[in-house]
Amino acid sequence: MNTRRQLSVKTAAIILIVGLLLSGCASGKIQEQAPGQGTQYENGGAGGPVQPDDANQAGDGNEDSLDGQNGGKDSGTDSDGNAGDGAADDSRNGQGDADKSPPQPIDLSVVKPNEAGRVMVVMFHNFIEKYEKGDKDYTTTFDAFEELLENLYEADYRLISLNDYISGNIDTPAGCIPMVFTFDDGTPGQFNLIEENGELKVNPRSAAGMIHEFNKTHPDFGVRGTFFVNLGNQTFSGAGTLEQRLEYLVGMGFELGNHTYSHINLKKDGKTAAIIQKEIGGNQKELYELIPGYTFTTFSLPYGAPAKELVQYVIKGEYEGVSYENRAIMKVGAEPAQSPFGVKFDPLATPRVRSSGIDPVAQDLAWWLENMKRSNQFVSDGDPETVTVPADYEKLVNKESLGDRKLVIY
Numbered sequence: 005m006n007t008r009r010q011l012s013v014k015t016a017a018i019i020l021i022v023g024l025l026l027s028g029c030a031s032g033k034i035q036e037q038a039p040g041q042g043t044q045y046e047n048g049g050a051g052g053p054v055q056p057d058d059a060n061q062a063g064d065g066n067e068d069s070l071d072g073q074n075g076g077k078d079s080g081t082d083s084d085g086n087a088g089d090g091a092a093d094d095s096r097n098g099q100g101d102a103d104k105s106p107p108q109p110i111d112l113s114v115v116k117p118n119e120a121g122r123v124m125v126v127m128f129h130n131f132i133e134k135y136e137k138g139d140k141d142y143t144t145t146f147d148a149f150e151e152l153l154e155n156l157y158e159a160d161y162r163l164i165s166l167n168d169y170i171s172g173n174i175d176t177p178a179g180c181i182p183m184v185f186t187f188d189d190g191t192p193g194q195f196n197l198i199e200e201n202g203e204l205k206v207n208p209r210s211a212a213g214m215i216h217e218f219n220k221t222h223p224d225f226g227v228r229g230t231f232f233v234n235l236g237n238q239t240f241s242g243a244g245t246l247e248q249r250l251e252y253l254v255g256m257g258f259e260l261g262n263h264t265y266s267h268i269n270l271k272k273d274g275k276t277a278a279i280i281q282k283e284i285g286g287n288q289k290e291l292y293e294l295i296p297g298y299t300f301t302t303f304s305l306p307y308g309a310p311a312k313e314l315v316q317y318v319i320k321g322e323y324e325g326v327s328y329e330n331r332a333i334m335k336v337g338a339e340p341a342q343s344p345f346g347v348k349f350d351p352l353a354t355p356r357v358r359s360s361g362i363d364p365v366a367q368d369l370a371w372w373l374e375n376m377k378r379s380n381q382f383v384s385d386g387d388p389e390t391v392t393v394p395a396d397y398e399k400l401v402n403k404e405s406l407g408d409r410k411l412v413i414y
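All residue numbers for the sequence shown refer to the working numbering, where the first residue is 5 and numbers rise by one.
Given below as structure tokens:
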């Protein structure tokens with residue numbers, strides 16, 4: 005091969021590598037060596053070195069779950085990681101994606117996946133055009149949210165649904181970091197409909213509308229999020245009936261979660277089992293009337309306050325013949341959640357990261373984005389059939405949670 009031809013081949017190779025770097029998450033599609041590096045175990049393996057220093061990041065997730073258990077072993081999924089009743093119907097719960105290409109082999113030394121790392125479940129409340137007065141801690145401007153979406157994308161974050169996170173059904177591209185968006189209270193800034201030429205459309209100046217528009221130019225970002233609603237209040241005020249609003253939101257690909265019927269403080273006012281079941285079961289009963297067959301599977305604690313003495317009725321119960329059972333319960337704060345494959349994973353006490361408001365607060369989203377190491381986060385291997393972790397993280401994996409997935413250690 006002559007010198008000119010050698011240079012041409014090298015140039016082409018460099019262009020290819022640079023192109024792949026720009027098109028994927030953290031070089032996730034580059035294959036510098038033969039794929040399949042690392043040791044694979046069917047349903048886990050034995051042994052493992054000591055826990056790494058960077059696994060001991062701020063907040064170790066040792067909070068007690070609502071039922072006093074350490075969760076993880078029974079997350080309400082079957083061996084295939086299915087979401088269970090109420091979440092299996094993709095057409096209803098907005099989880100149905102178009103068929104995706106099979107995962108490509110990756111170079112583990114380049115991508116450095118860590119599927120035992122933390123996942124940020126972000127909590128949003130109010131969205132406004134311009135701040136004038138009122139709450140600052142829980143309020144985000146649309147311009148700030150638009151900037152946040154850009155920054156998250158550039159930092160390799162991709163949205164997944166809350167139910168997929170709970171189930172460990174994470175198909176985020178290799179090298180990308182899954183993130184979950186949650187929205188409490190059903191405020192119109194989160195989502196509302198407008199009427200144009202006799203048709204109902206999502207307001208582009210709403211959080212849901214902005215995610216939808218952003219995904220048009222960043223189609224791998226995802227249209228995902230869970231909206232925790234109080235159906236006894238003014239939910240998503242705007243055009244259309246409440247039924248039309250909820251149907252539209254679900255049709256966009258989002259999920260609905262239970263937030264009680266009237267946003268009751270369960271710790272202060274949920275003094276009896278009857279009150280708690282009326283609030284949680286009554287919200288489910290109302291949803292069945294609006295969207296027949298749609299079952300809440302997740303719950304967000306109003307004010308972050310649990311009713312510890314009557315906790316079993318927060319998890320499951322019945323009201324006027326309508327039963328409910330929550331697979332996951334969201335807290336108010338204040339740190340990234342455990343990997344669904346982690347030994348400390350407890351869906352009944354899922355911590356969330358507060359979105360950055362008008363005024364910053366300690367350990368809000370901006371703080372975590374600046375201070376949390378990539379190596380501590382859940383970095384995807386791109387294959388939902390495997391769970392890939394560095395050798396130092398093997399001891400953090402709950403091998404009983406893997407189901408049919410293969411554990412890959414490198």
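Backbone N, C-alpha and C fix where the C-beta goes; we use that ideal spot for every residue, glycine too. Predicted model only: the values in this text are computed from it and were never measured.
Which two residues bound the contiguous alpha helix (DSSP H) that contains residue i?
{"i": "Glu247", "result": "246-255"}
{"i": "Tyr328", "result": "Tyr328 -> not in any alpha helix (DSSP H); beta strand (DSSP E) instead, spanning 326-329."}
{"i": "Lys377", "result": "Careful: Lys377 lies outside any alpha helix (DSSP H) and carries neither H nor E."}
{"i": "Ile170", "result": "166-171"}
{"i": "Leu270", "result": "270-273"}
{"i": "Val115", "result": "112-115"}
May I ask you to report which of helix, strand or coil DSSP gives residue i?
{"i": "Pro306", "result": "helix"}
{"i": "Tyr161", "result": "strand"}
{"i": "Asp71", "result": "Model confidence at Asp71 stands at a pLDDT of 45, short of 50, so the residue's coordinates are unreliable; what they give is reported in the following sentence. Reduced to three states, the DSSP call for Asp71 is coil."}
{"i": "Ile280", "result": "helix"}
{"i": "Arg409", "result": "coil"}
{"i": "Ala286", "result": "As written in the sequence, residue 286 is Gly, which differs from the Ala given in the question. Helix at Gly286."}
{"i": "Asn402", "result": "coil"}
{"i": "Asn155", "result": "helix"}
{"i": "Ala353", "result": "helix"}
{"i": "Val347", "result": "coil"}
{"i": "Val123", "result": "strand"}
{"i": "Ala178", "result": "coil"}
{"i": "Ala341", "result": "strand"}
{"i": "Asn97", "result": "Note that Asn97 scores 41 on pLDDT, short of 50, meaning its location in the model is unreliable and no value can be drawn from it."}
{"i": "Tyr265", "result": "coil"}
Start and end of the beta strand (DSSP E) containing residue i?
{"i": "Glu259", "result": "259-262"}
{"i": "Lys320", "result": "320-323"}
{"i": "Ile333", "result": "332-334"}
{"i": "Ile295", "result": "From DSSP, Ile295 is part of no beta strand (DSSP E); its letter is neither H nor E."}
{"i": "Ile132", "result": "130-132"}
{"i": "Val393", "result": "390-393"}
{"i": "Thr145", "result": "143-145"}
Is the beta carbon of residue i sitting closer than 9 Å to the one on residue j?
{"i": "Thr230", "j": "Glu259", "result": "yes"}
{"i": "Met214", "j": "Glu158", "result": "no"}
{"i": "Leu369", "j": "Leu166", "result": "no"}
{"i": "Val125", "j": "Tyr169", "result": "yes"}
{"i": "Gly286", "j": "Glu324", "result": "yes"}
{"i": "Pro364", "j": "Trp371", "result": "yes"}
{"i": "Leu253", "j": "Leu294", "result": "no"}
{"i": "Ala338", "j": "Ala366", "result": "yes"}
{"i": "Gly321", "j": "Ile284", "result": "yes"}
{"i": "Gly190", "j": "Phe131", "result": "no"}
{"i": "Leu112", "j": "Val412", "result": "yes"}
{"i": "Arg228", "j": "Phe195", "result": "no"}
{"i": "Val383", "j": "Ile110", "result": "no"}
{"i": "Asp3", "j": "Ile362", "result": "Coverage of the chain is limited to positions 5 through 414, which leaves residue 3 absent and any answer about it impossible."}
{"i": "Lys271", "j": "Ala311", "result": "yes"}
{"i": "Glu133", "j": "Phe218", "result": "no"}
{"i": "Ala288", "j": "Thr299", "result": "For the sequence presented, residue 288 should be read as Gln rather than Ala. Yes, they are a contact pair."}
{"i": "Phe232", "j": "Asp273", "result": "no"}
For residue i, would you say it is in contact with chain B, using Cβ-to-Cβ distances shorter than 9 Å as the test?
{"i": "Glu203", "result": "The displayed structure is made up of one protein chain only, and chain B is not part of it."}
>> Would the segment 319-335 count as touching the segment 358-377 if we require 3 or more Cβ pairs under 8 Å?
In response: no
>> Quick check for students: name the residue ranges of the alpha helix (DSSP H) that lie wholly in the segment 184-255, counting only runs of 4 or more.
In response: 211-221, 246-255
> Are three or more beta carbon pairs between the segment 102-118 and the segment 373-386 nearer than 8 Å?
Replying inline: yes
> Given 8 Å as the limit, is there contact between the segment 220-230 and the segment 162-169, that is, 3 or more CB pairs closer than that?
Replying inline: yes
> Can at least three beta-carbon pairs, one atom from the segment 239-246 and one from the segment 187-200, be found at a separation below 8 Å?
Replying inline: yes
> Quick check: the segment 301-320 against the segment 263-276, are there 3 or more CB pairs under 8 Å?
Replying inline: yes
>> Can you confirm whether the segment 338-345 touches the segment 394-408 when touching is taken to mean that 3 or more C-beta pairs between the two stretches lie within less than 8 Å?
In response: yes
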